[in-house]
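Comments concern the structure below.
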Amino acid sequence: MKYICILLVLSFSWACKKDADFLDRDPTQILTEDQVFSDEKQVLSLLSDLYGRYVDFATPEDWSTMSNFNEAFWSEAGRYDEFQNSGWKYDAWAIWDYEYIRELNLFIEKVSANDHLNAELMNRMQAEARFLRASYYFELVKRMGGVPLILESLTYDYSGDATYLQYPREKESVIYDFIISETEEIKTVLPKDINTKSRASAAAALAMQSRAALYAGSIAKYGVNTTQVSLSGGEVGINSTLANGYYTTALKAAQEIINGSVGSYSLYIKKPDLSENFASIFYDKSSNPESIFIEDYKLQSGKVHGFTISNQPRFGAEEEEGGRINPSLNFVQNFEKLDNTFAPLPTNMPSGDYYYYDSQLDIFADRDARLAGTVIIPGSSFKGRPVDIWAGYQLANGSIVTGNKRGDMSTLPGKNVTEQVVGFDGPVDGEEFTAQTGFYIRKYLDPGTGSGQRGVQSEVPFLRYRYAEVLLNAAEAAFELKDPTLAATYMNEVRARAGLIIPLTAAQITFDRIAHERRVELAFEGHYYFDLKRWRIAHQVFNGTEINKSQLLSNIGSAIKPSTQPYGLWPYKIYAPGSSNNGKWIYKVVLSSRVTGADRFLMGNYYSEISNTILTNNPKIVRNPNQ
0 MKYICILLVL
10 SFSWACKKDA
20 DFLDRDPTQI
30 LTEDQVFSDE
40 KQVLSLLSDL
50 YGRYVDFATP
60 EDWSTMSNFN
70 EAFWSEAGRY
80 DEFQNSGWKY
90 DAWAIWDYEY
100 IRELNLFIEK
110 VSANDHLNAE
120 LMNRMQAEAR
130 FLRASYYFEL
140 VKRMGGVPLI
150 LESLTYDYSG
160 DATYLQYPRE
170 KESVIYDFII
180 SETEEIKTVL
190 PKDINTKSRA
200 SAAAALAMQS
210 RAALYAGSIA
220 KYGVNTTQVS
230 LSGGEVGINS
240 TLANGYYTTA
250 LKAAQEIING
260 SVGSYSLYIK
270 KPDLSENFAS
280 IFYDKSSNPE
290 SIFIEDYKLQ
300 SGKVHGFTIS
310 NQPRFGAEEE
320 EGGRINPSLN
330 FVQNFEKLDN
340 TFAPLPTNMP
350 SGDYYYYDSQ
360 LDIFADRDAR
370 LAGTVIIPGS
380 SFKGRPVDIW
390 AGYQLANGSI
400 VTGNKRGDMS
410 TLPGKNVTEQ
420 VVGFDGPVDG
430 EEFTAQTGFY
440 IRKYLDPGTG
450 SGQRGVQSEV
460 PFLRYRYAEV
470 LLNAAEAAFE
480 LKDPTLAATY
490 MNEVRARAGL
500 IIPLTAAQIT
510 FDRIAHERRV
520 ELAFEGHYYF
530 DLKRWRIAHQ
540 VFNGTEINKS
550 QLLSNIGSAI
560 KPSTQPYGLW
570 PYKIYAPGSS
580 NNGKWIYKVV
590 LSSRVTGADR
600 FLMGNYYSEI
610 SNTILTNNPK
620 IVRNPNQ
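Take 0 as the starting number for the sequence shown in the working numbering and just add one per residue.
Structure follows, in structure tokens:
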């Protein structure tokens, strides 16, 4: 009845107006274009919306994007099928959002023509929109190869002929050249302010330039090893003669940041515990000199994320939820020893007997500090609470006493009371939300109170560009330019922070070293997949062949070592009364029964498939190769 009365009143009031007066009324809830671009707050609001549509490959808002490619096992029953197939579809990771590009182009055009507002402010906003446009084209070219390069807001004229809107794909090199030239131009307009983190800065532009040029140089150099991953028109593949030019650009851009010309960025070094120091890089927003460009979040603002809820240690968590990302042994064993050597975590003596440890932590002693800063290992703590990761008891005769669910109870031989025989964090094969590989993730977990609660969540930022990556970009570019001494200088700076204080010499800088350093330093940040792609080794790492324990534990540190299945490492407590080993710990290498597939990266996976809809709508677009 209430709504009927309102409608009657409205109908009566409208009837009392002349038709012309009613039709001529200006809208009160829609701003005109002139109104928007004559108001600084409205322009900033539009720009904020464009920032909000920034595309990341990995994001804490979707935890699975940060932990793919067998660097971790996903301890969630609904995702076990990801480890029971043989690889990836051709359209995996595809994007093609030209509506976003059009809106960026339109914003750039309108701001450029704006004579109502402060010119300096408009110049900055235009440069920021160009930064966002370059970022999206970078994301496009990484995934799709060369794409149509459209730098104006196209409008359909409703003539029935849309052919003038059909653009062909540019060469892959042309897109990279555009990104490099754009960032070079806008770096002089964007602020040189180390405290500008969530908006584009001069350093952010240079960091993008360095990364993009490094990618282009790699594709040019290593593409000769996969000539079938190319198109005759250059839409996929870059001429090898261009490699050194791109590497030179990557090094120069990185050095502008390193030399302090756009702000005093540096590695984060604030805490004496090197592992905790490394973990803190990703949650400490207080004067963090390492972060360059971030996706920020803020409590009680409506913009928070649930990464900690999804991935915190399950036992004793604020919501008794978590445990989804379980880093694999494949990944964990890559953290080298403090003497700069690679070795598997010692589980078995040459005789075949186990190594017996007084503490669960002992097996991880004298390793790269980034291990415990990236991964929650057995015997460690989170939020001041010890994790409870152990798979059961091993008896003197080698048999196992364990349970079917976390925290299970049973009776040990010679006793008449039940006691706990498996950790409250697992591992139990197949029990979701527990440490099924024997590990939880540490990087990007929020140690703040309430971060594991749905009603609070986390404000930990996502670091899109950070100083350590810039150093590693410089190291790789210098290595490719035949300057291993300079490469060692930059790489050793990153390694020293992790407790690896024996400097690598120039002679020790190899491609494998470059690849290894990026894998451990930048883990779970969205780099690993693109590194394997640009070096054209993804098909070797994911060769579709099951790996056994011997293969898993050999050739650690090799960039092309196969990693087709995620393994785990389970701790067991010895129960052997009267033995000197009673109460000690052993470790066993395991493969979850839920892992039944072996990933194969096909040549057609190097570039994502362009959909048939796009190909039908624009016949000038050519397909990607091997699909």
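C-beta: ideal position from N, C-alpha, C; glycine also.
Owing to the predicted nature of the structure, the values given are computational and were not obtained by experimental measurement.
Inset, instruction - Could you check what DSSP says for SER409 in three-state terms: helix, strand or coil? - result: Numbered from 1 along the sequence shown, position 410 holds the residue referred to as residue 409. It is a strand residue.
Inset, instruction - Give me the Cα-Cα distance between THR346 and TYR566, rounded to the nearest whole angstrom. - result: For the purposes of this step, residue 346 is identified with residue 347 of the sequence shown, where counting begins at 1. For the purposes of this step, residue 566 is identified with residue 567 of the sequence shown, where counting begins at 1. Those two C-alpha atoms are separated by around 14 Å.
Inset, instruction - Report, in whole angstroms, the separation of the C-beta atoms of GLY391 and ILE399, which I expect to be a contact under 8 Å. - result: On the sequence shown, residue 391 is found 392 positions in, with the first residue counted as 1. On the sequence shown, residue 399 is found 400 positions in, with the first residue counted as 1. About 5 Å; that satisfies the 8 Å criterion.
Inset, instruction - May I ask you to list the residues that DSSP assigns as paired with ASN347? - result: Within the sequence shown, residue 347 is the residue found at index 348, counting from 1. Partner(s): TYR353.
Legend entry - Reduced DSSP secondary structure (H/G/I, E/B, other) of LYS270: Here the question's residue 270 lines up with position 271 in the sequence shown. Reduced to three states, the DSSP call for LYS270 is coil.
Inset, instruction - State the DSSP-derived secondary structure class of VAL42, mapped to helix, strand or coil. - result: The count along the sequence shown starts at 1 and reaches residue 42 at position 43. The answer is helix: DSSP assigns VAL42 an H, G or I state.
Inset, instruction - Could you have a look at ALA93 and say whether DSSP puts it in helix, strand or coil? - result: The sequence position of residue 93 within the sequence shown is 94, counting from 1. ALA93 falls in the coil class under three-state DSSP.
Legend entry - Reduced DSSP secondary structure (H/G/I, E/B, other) of PHE461: As a position in the sequence shown, residue 461 is number 462, starting the count at 1. Three-state DSSP puts PHE461 in a strand.
Legend entry - DSSP-derived helix/strand/coil call for ARG129: What you label residue 129 is simply residue 130 of the sequence shown in a count that begins at 1. Collapsing the DSSP output to three states places ARG129 in a helix.
Legend entry - Where ILE257 falls: helix, strand or coil (DSSP): Stepping through the sequence shown from its first residue, residue 257 is reached at position 258. The answer is helix: DSSP assigns ILE257 an H, G or I state.
Inset, instruction - Determine the closest residue to PHE541 out of SER553, ARG599 and THR509, with distance taken between C-alpha atoms. - result: Along the sequence shown, one-based indexing puts residue 541 at 542. Comparing Cα-Cα distances from PHE541 to each of SER553, ARG599 and THR509, the minimum goes to ARG599.
Inset, instruction - Measure the alpha-carbon distance for SER274 versus ARG366 and round it to whole angstroms. - result: Locating residue 274 in the sequence shown gives position 275, where the first residue counts as 1. Locating residue 366 in the sequence shown gives position 367, where the first residue counts as 1. Answer to the nearest angstrom: the Cα atoms are 10 Å apart.
Inset, instruction - Answer yes if the segment 293 to 310 comes into contact with the segment 252 to 267, meaning at least three C-beta pairs across the two stretches below 8 Å, and no otherwise. - result: no
Legend entry - Assigned secondary structure, LYS170 (DSSP; H/G/I helix, E/B strand, else coil): Stepping through the sequence shown from its first residue, residue 170 is reached at position 171. In the structure shown, LYS170 sits in coil (DSSP, three-state: anything other than H, G, I, E or B).
Legend entry - alpha helix (DSSP H) runs contained entirely in the segment 171 to 246, provided each spans 4 or more residues: 171 to 185 and 201 to 221
Inset, instruction - Please state whether DSSP places ILE585 in a helix, a strand or coil. - result: Position 586 of the sequence shown, counting from 1, holds the residue named residue 585. It is a strand residue.
Legend entry - Delimiting residues of the alpha helix (DSSP H) encompassing GLN550: The residue labelled residue 550 in the question sits at position 551 within the sequence shown. That run of the alpha helix (DSSP H) goes 548 to 551.
Inset, instruction - Please list, in chain order, all residues of the same chain as ARG129 whose beta carbon is under 7 Å from its beta carbon, the five residues on each side excluded. - result: In the sequence shown, the residue the question calls residue 129 occupies position 130. Excluding residues within five positions, the ones whose Cβ falls inside 7 Å are ILE107, GLU181 and ILE185.
Legend entry - For ASN325: DSSP bridge partner residues: The sequence position of residue 325 within the sequence shown is 326, counting from 1. Looking at the DSSP assignment, ASN325 forms a beta bridge with PHE72.
Legend entry - Same chain, Cβ closer than 6 Å to LEU344, neighbours up to 5 away in sequence not counted: Here residue 344 refers to the residue found at position 345 of the sequence shown. Here the set comprises GLN332 and ILE362.
Legend entry - Residue from LEU360, THR226 and GLU98 with nearest C-alpha to ILE536: Here residue 536 corresponds to residue number 537 of the sequence shown, with the count starting at 1. Measuring C-alpha to C-alpha distances from ILE536 to each of LEU360, THR226 and GLU98 identifies THR226 as the nearest.
Inset, instruction - Can you grab the Cα-Cα spacing for the pair GLU479 / TYR221, in whole Å? - result: What you label residue 479 is simply residue 480 of the sequence shown in a count that begins at 1. What you label residue 221 is simply residue 222 of the sequence shown in a count that begins at 1. So the alpha carbons of these two residues sit roughly 11 Å apart.
Legend entry - 4 or more residues per run - each alpha helix (DSSP H) lying fully within the segment 574 to 626: 611 to 616
Inset, instruction - Report yes if the CB atom of GLN359 is closer than 9 Å to the CB atom of ILE388, and no otherwise. - result: Here residue 359 corresponds to residue number 360 of the sequence shown, with the count starting at 1. Here residue 388 corresponds to residue number 389 of the sequence shown, with the count starting at 1. The answer is yes: Cβ separation under 9 Å.
Inset, instruction - Measure the alpha-carbon distance for VAL42 versus ALA203 and round it to whole angstroms. - result: Translated into positions along the sequence shown, residue 42 becomes position 43. Translated into positions along the sequence shown, residue 203 becomes position 204. If I take the Cα positions, the gap works out to 22 Å.
Inset, instruction - Could you say if the segment 428 to 439 and the segment 70 to 83 meet the contact criterion of at least three C-beta pairs nearer than 8 Å? - result: At 8 Å Cβ cutoff, the stretches touch.
Inset, instruction - Give the secondary structure of PHE523 by DSSP, where H, G and I count as helix, E and B as strand, and everything else as coil. - result: The sequence position of residue 523 within the sequence shown is 524, counting from 1. Note: PHE523 maps to coil in three-state DSSP.
Legend entry - Residues of its chain near HIS515, where Cβ-Cβ distance is below 6 Å and the 5 sequence neighbours each way are ignored: Along the sequence shown, read from residue 1 onward, the residue named residue 515 stands at position 516. Here the set comprises GLY556.
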